[in-house]
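Written out below as structure tokens is the structure these notes cover.
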Amino acid sequence: MRDPRYDVLFDPLEIGPVTSRNRFYQVPHCSGMGRSRPKTLAAMRAMKAEGGWGVVCTEYCSVHPTSDDAAYQFATLWDQQDITANALMVDAVHEHNSLAGVELWLGGNYISNYDSRTPPLGLQSRPSTHGIHPVQSKRVDKKDIRNLIRWHSNAARRAVDAGFDIVYVYATHGYLLSEFLDSSSNDRCDEYGGSLENRVRIVKELIESTREAVGDKCAIATRFSVDLADSESYDAFAMLAELPDLWDLTVNDYDIEMGPSRFVKEAALSAHVSKAKALTSKPVVAVGRFTSPDTMAQVIRNGTQDMIGAARPSIADPFLPNKIEQGRIDDIRECIGCNVCYAHNSLGIPIRCTQNPTMGEEWRKGWHPEIINRMSKPNETALIVGAGPAGLEAARVLGECGFEVLIAEARTEAGGRVACESRLHGLAEWSRVTDWRLGQINKQANVSLYLDSNMTATDVFDTGVNHVIIATGSHWTTDGIGRHLYTTFEGHDHPCVISADSILHNTHSEIGHYLIFDDDHFYMGPVLAAELLARGNQVTLVNPMGRLCDWGRHTDEHHAANVALYNSDVKIATNQLLTRVSDTEIVTRCIFSKELFHHSADWVIPLTRQHPDDTLYQSLLTHPDRSKLTSLQHTGDCRAPGLIAQAVYAGYETAINLGRQTDSDIPDFKRELP
Ligand code: ADP
Ligand code: SF4
-1 MRDPRYDVLF DPLEIGPVTS RNRFYQVPHC SGMGRSRPKT LAAMRAMKAE
49 GGWGVVCTEY CSVHPTSDDA AYQFATLWDQ QDITANALMV DAVHEHNSLA
99 GVELWLGGNY ISNYDSRTPP LGLQSRPSTH GIHPVQSKRV DKKDIRNLIR
149 WHSNAARRAV DAGFDIVYVY ATHGYLLSEF LDSSSNDRCD EYGGSLENRV
199 RIVKELIEST REAVGDKCAI ATRFSVDLAD SESYDAFAML AELPDLWDLT
249 VNDYDIEMGP SRFVKEAALS AHVSKAKALT SKPVVAVGRF TSPDTMAQVI
299 RNGTQDMIGA ARPSIADPFL PNKIEQGRID DIRECIGCNV CYAHNSLGIP
349 IRCTQNPTMG EEWRKGWHPE IINRMSKPNE TALIVGAGPA GLEAARVLGE
399 CGFEVLIAEA RTEAGGRVAC ESRLHGLAEW SRVTDWRLGQ INKQANVSLY
449 LDSNMTATDV FDTGVNHVII ATGSHWTTDG IGRHLYTTFE GHDHPCVISA
499 DSILHNTHSE IGHYLIFDDD HFYMGPVLAA ELLARGNQVT LVNPMGRLCD
549 WGRHTDEHHA ANVALYNSDV KIATNQLLTR VSDTEIVTRC IFSKELFHHS
599 ADWVIPLTRQ HPDDTLYQSL LTHPDRSKLT SLQHTGDCRA PGLIAQAVYA
649 GYETAINLGR QTDSDIPDFK RELP
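The structure is reproduced here in structure tokens:
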């Protein structure tokens, strides 16, 4: 039953001519699906509506081929053909009594128009401001502005035909309308440039023309940035305050709006938003990676905002609103702020989620975040060895299916790599991966977890179970082999070369100078450097590429990670390969000039690859008693090391396919073909 403290989250709200059934609002967010996977998209958005989100929006939706963000995936409303694809999503959302919103979008200088091959229309003629694409935009003239407004209106009419309830004017995130608003990019001398009133004009005209296009069929929302450090943003907001039916407010800095939990915590936008909220009578929605219902109720009650905006929390738990409604607070699968979802959109493929393995698989595999589609046969038992993210997820799923499940974990705590990594500098929220799964398992009488139980092959057979899943994880190697080195470096067996695991597991705690050779290019190098520094060590971070944390460009943490490193005492060496370690020196080599660099450090940590811990699995495979088992699988990092998201996904998949033939010659998922 719902806690009355959260009643405020379930009050209906009028948004212009439409009414949301509650205060849960899935803001427009990229999905990596867009126009190329409309069925995948519709099924994913429908899941949010089924889970109780009163409003579910689609991603940025281009109004015309001059706004083309290929190779990213985005929605389109260019012509009549697009109406059918968008209507799929709208109908699926309406089926669950939620409102559907569309974020009409004008790209500006931010994009490259790689697909449409027409020059981007920017406020100035300048190179694409996103990435380093060799593309320069055409400066918009008066005729272009008239066209842009007309295209936007036409797309708004198509949005009505597709059945949308809320239509956006999208005036932030560095796209064309931001360029108009910003005095540093707007150098026009006509009525669209110069004074603030002139720079705001295009947004005003678009709100008015969109309203004219949609009449009283849809509400008009405007996505807009305000920032306490930028008083003009509030002056601009005040000029528009009463025009749209809803404000979707954010801040100028995307690194804060979308920041990983390492750098940004829950409700980080609230102070910026509440100042604007005081300037308008229209409802306001804003994000803040809200996962706590107490914080959500508080920001509504104290007048910061009227609706709880969410992208990531709705990805990690599409059923978050329903769980609050049903008083199932500890069932909420809280986002950990790792931004793995965003990373895969950045790669042009459907989003996925560390916490929610079903995300992106709703249509293709028919997966549902709350309903597991298999039943056990009576009296089936399963042993899972290893209680890391893969093992815990497999145990949770099998437990729900009715298996009698034993989990054996060698260590005295559950969580595997997550238990270690979440103790590192800034990663505390990652422990939610373990906490949520342990919470679920604790409610299942048919699942028993045994800690401090290092299993041998004999132990496994002694349990007498039908099914065995080995989820024993992996370890960081010291040989240096990885992306850049195909063979080991000289001196890789020197005693000063230690595994990253010795830091992660706290088995090596001597104070001194550590050299990390980071050929991993994601969070581990920078986080380990920060951790060692915090423990009082000197750190040198050597990287064979030009930029640190390069994969972090996809998770949007690359900038903050580099700022933190460059402002710390970590010594940084880029474009260098680890070449030799000896009693007297550590040598790295420039990957371009081959120049050698000599370092002095007490320990060297090669961060290059992980090795699967599959000895137990291999010994079971060839064991004389193997035929006594109905099935034997290995999963997670023990099968193929990767992201935590991949381990959770593997655990889920192994569990739902347990005992089924899965090595078919054809894909075991539906393909969405054009
Ligand atoms: P994954 O990410 O695939 O879940 P982890 O490395 O996070 O892998 O977790 C693997 C877990 O398996 C660790 O907690 C480790 O202690 C445990 N483990 C490894 N070998 C054994 C074993 N022989 N018996 C029991 N537990 C084991
Ligand atoms: Fe949150 Fe990470 Fe899932 Fe994205 S991938 S929704 S950041 S848990």
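Taken in order, the sequence shown gives residues -1 to 672; the numbers are from our numbering. Ideal placement from N, C-alpha and C gives every residue a C-beta, glycine not left out.
- Per the DSSP secondary-structure output, LEU119 pairs in a beta bridge with LYS136.
- LEU247 and ALA274 do touch by the CB rule: their CB atoms are close to 6 Å apart, below 8 Å.
- Here PHE515 is buried, its C-beta having at least 16 other C-beta atoms within 10 Å.
- Excluding the 5 residues flanking it on each side, ALA153 has same chain C-beta neighbours closer than 6 Å at VAL61, LEU75 and LEU102, in chain order.
- A buried status is given to ASP635, since no fewer than 16 other beta-carbon atoms sit within 10 Å of its beta-carbon.
- Set against 7 Å, the gap from the CB of MET453 to the closest heavy atom of the ligand ADP is smaller.
- Counting the other Cβ atoms within 10 Å of the Cβ of GLY414 gives 16 or more, which makes it buried.
- When PRO118, VAL91, GLN78 and GLY307 are compared, the shortest CA-CA separation from PRO63 is found for PRO118.
- In the three-state DSSP reduction, ILE603 falls in the strand class (E or B).
- The beta carbon of HIS94 sits closer than 7 Å to those of ALA44, ALA47 and GLU48, all from its chain and outside the five residues before and after it, given in chain order.
- LYS215 sits in coil when the DSSP states are folded into three classes, being neither helix nor strand.
- When secondary structure is reduced to three states using DSSP, GLN442 falls in the coil class, being assigned neither helix nor strand.
- Look at ALA562 here: in three-state DSSP terms it is helix.
- Exclusion of the five residues before and after GLU210 leaves SER151 as the residues of its chain whose Cβ lies within less than 8 Å of its Cβ.
- Annotation: LEU483 is outside any beta strand (DSSP E) and is labelled neither H nor E by DSSP.
- Per DSSP, reduced to three states, the secondary structure at LYS375 is coil, with no helix or strand assignment.
- SER580 sits exposed, since fewer than 16 C-beta atoms from the chains shown fall within 10 Å of its C-beta.
- For the pair ILE334 and PRO291, the CB atoms are not nearer than the 8 Å cut-off.
- With contacts defined by Cβ atoms closer than 8 Å, SER446 and GLU407 do not form a contacting pair.
- Judged by DSSP in its simplified three-state form, TRP365 adopts coil rather than helix or strand.
- Within the segment 6 to 70, the alpha helix (DSSP H) runs of at least 4 residues that lie entirely inside it are, in chain order, 36 to 48.
- Ranked by how close their Cα comes to the Cα of LEU121, the residues SER472, PHE72 and ILE200 have ILE200 in first place.
- HIS519 and ALA571 have their C-alpha atoms roughly 13 Å apart.
- Shortest Cα-Cα distance from THR606 to any of ILE479, SER500 and VAL537 involves ILE479.
- Of the heavy atoms belonging to the ligand ADP, at least one sits nearer than 7 Å to the Cβ of SER472.
- Inclusion of VAL383 and LEU11 in the CB contact set at 8 Å is not warranted, their separation being larger than that value.
- In the structure shown, the three-state DSSP call for TYR190 is coil.
- Looking at the DSSP output, MET237 sits in no beta bridge, so it has no partner there.
- In this structure, GLY191 has its beta carbon at no less than 7 Å from each heavy atom of the ligand ADP.
- Here PRO15 really is in contact with LYS215; their C-beta atoms are around 7 Å apart, less than 8 Å.
- Only residues of its own chain outside the window of five on either side were considered, and among them none has a CB closer than 6 Å to the CB of ARG545.
- Residue nearest to PRO524 within the set ARG35, GLY32, LEU422 and ASP1 is LEU422 (criterion: CA-CA distance).
- A residue is called buried when at least 16 other Cβ atoms come within 10 angstroms of its Cβ; GLU508 does not meet this threshold and is exposed.
- GLN353 has its Cβ nearer than 7 Å to a heavy atom of the ligand SF4.
- Residue side-chain check: PRO387 places its Cβ nearer than 7 Å to a non-hydrogen atom of the ligand ADP.
- The beta-carbon separation of VAL249 and LEU267, rounded to 6 Å, stays under the 8 Å limit for a contact.
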